[in-house]
Amino acid sequence: MVQNLEIPAPVRTDRSPSRPWWRRPWIAPLFVLSVAYIAVTALPYLDEQTAPLMPHDGFSMYYPVLITHIAFATVALLTSIFQAWPWLRRRSPAVHRWGGRVYVLSTVVAGLLGLVIVPFAPPVGQLGVAVATILWVAFTVMGYIRIRQHRYAEHRRFMLYAFAMVMNNFWGSSLVIVGTVLALPIDTNYYLEAARWVGWVINLMLVQWWLNRTAGRPVL
Numbered sequence: 039m040v041q042n043l044e045i046p047a048p049v050r051t052d053r054s055p056s057r058p059w060w061r062r063p064w065i066a067p068l069f070v071l072s073v074a075y076i077a078v079t080a081l082p083y084l085d086e087q088t089a090p091l092m093p094h095d096g097f098s099m100y101y102p103v104l105i106t107h108i109a110f111a112t113v114a115l116l117t118s119i120f121q122a123w124p125w126l127r128r129r130s131p132a133v134h135r136w137g138g139r140v141y142v143l144s145t146v147v148a149g150l151l152g153l154v155i156v157p158f159a160p161p162v163g164q165l166g167v168a169v170a171t172i173l174w175v176a177f178t179v180m181g182y183i184r185i186r187q188h189r190y191a192e193h194r195r196f197m198l199y200a201f202a203m204v205m206n207n208f209w210g211s212s213l214v215i216v217g218t219v220l221a222l223p224i225d226t227n228y229y230l231e232a233a234r235w236v237g238w239v240i241n242l243m244l245v246q247w248w249l250n251r252t253a254g255r256p257v258l
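Numbering (our numbering), first residue to last: 39 to 258.
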């Protein structure tokens with residue numbers, strides 16, 4: 039008598055093998071670049087007497103709001119790098135969760151305060167800054183809502199969109215530097231306007247390309 043032997047189906051897993059941290063060559067350079075960017079752009083504002091403040095007649099709370107925005111934006115920028123680090127997410131999920139809470143809180147505070155001071159920014163590029171800030175906060179909040187709903191794929195998508203927004207300032211600074219060094223016969227206002235739009239638009243396009251390219255990969 040021949041017994042009917044059933045071969046067990048292979049066990050599926052939602053986790054893909056994680057690479058060692060040192061095989062993610064973009065993490066360390068991005069963190070160093072971010073710290074350098076913060077040092078160059080944020081440190082001059084620590085002293086109110088010498089800070090390059092915009093005119094803010096009638097708004098006595100401008101400097102406290104600005105410095106608080108810078109502080110929380112700095113935390114959001116640095117935290118976002120660790121949140122986007124696959125090795126840390128897989129190796130220390132608790133750190134990723136708590137880091138995510140810090141990131142969401144710092145982003146919401148920095149974003150809302152940023153919208154308060156946007157009207158005092160230079161008119162050139164002001165709309166681009168406002169749109170970028172609103173999208174940054176909106177993507178972050180939606181990412182938080184989706185993780186609370188255990189909708190991991192959508193959480194990943196919205197948080198990558200938010201990561202694209204928080205990293206857009208590098209593009210803007212690069213455009214201004216390139217335009218200054220090359221001394222092209224183009225109105226400076228075009229550079230300033232482009233700096234407020236090109237960065238986050240390109241970043242969102244790159245993130246969407248990455249999402250399309252990795253659509254078949256496990257989410258966790």
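Quick reminder that beta carbons are idealized off the backbone N, C-alpha and C, glycines included.
Suppose you measure from the CA of residue i to the CA of residue j; what does that come to, to the nearest Å?
i: F27; j: V154; result: Nothing about residue 27 can be reported from this structure: the residues present for the chain run from 39 to 258 only.
i: I76; j: V169; result: 22 Å
i: A103; j: A148; result: The question names Ala, but residue 103 is Val in the sequence shown. Rounded to the nearest angstrom, the two C-alpha atoms are 9 Å apart.
i: E86; j: F97; result: 15 Å
i: Y182; j: Y228; result: 36 Å
i: L81; j: R184; result: 35 Å
i: L261; j: V175; result: One cannot answer for residue 261 here, as it falls past the ends of the chain, which runs 39 to 258.
i: L198; j: M243; result: 11 Å
i: M92; j: Q246; result: 35 Å
i: P67; j: M99; result: 36 Å
i: Y223; j: S130; result: Strictly speaking, residue 223 in this sequence is Pro, with Tyr absent from that position. Each residue's alpha carbon lies about 51 Å from the other.
i: W235; j: S72; result: 20 Å
i: A233; j: G163; result: 8 Å
i: F305; j: F196; result: The shown model of the chain, from 39 to 258, leaves out residue 305, and the question about it has no answer.
i: T145; j: D225; result: 33 Å
i: I108; j: T79; result: 10 Å
i: R127; j: L220; result: 42 Å
i: W123; j: P161; result: 36 Å
i: Y190; j: N241; result: 21 Å
Rank the options by C-alpha distance to the C-alpha of residue i and give the top, closest one.
i: A202; options: Y229, L165 and L249; result: L249
i: R139; options: R195, V113, A168 and W125; result: V113
i: V167; options: A89, V219, D95 and G210; result: G210
i: F208; options: P161, R186, I172 and A74; result: A74
i: Y101; options: M180, A159, V78 and R135; result: A159
i: D95; options: P157, W123 and R195; result: P157
i: E231; options: R189, W64 and L165; result: L165
i: H188; options: F69, R135 and I65; result: R135
i: L115; options: F69, V78 and R127; result: F69
i: Y141; options: I65, L173, N241 and A200; result: A200
Could you pull out every residue in the same chain whose Cβ sits closer than 6 Å to the Cβ of residue i, ignoring the five residues on either side in sequence?
i: W59; result: Because W59 sits at a pLDDT of 48, beneath the cut-off of 50, its placement in the model cannot be relied upon, and the point is left open.
i: E192; result: R184
i: W238; result: A170, M203 and N206
i: T252; result: none
i: L173; result: M203
In chain order, what residues of the same chain lie with their CB nearer than 7 Å to the CB of residue i, ignoring the 5 residues before and after it?
i: G137; result: T117, F120 and Q121
i: T106; result: L151
i: A89; result: P82 and Y83
- Can you list, in chain order, the stretches of the alpha helix (DSSP H) that have 4 or more residues and sit fully within the region 162-193? Runs of the alpha helix (DSSP H) inside the region 162-193: 164-186.
- Which runs of the beta strand (DSSP E), 3 residues or longer, sit entirely within the region 112-167? At a cut-off of 3 residues, not a single continuous stretch assigned as beta strand (DSSP E) sits fully inside the region 112-167.
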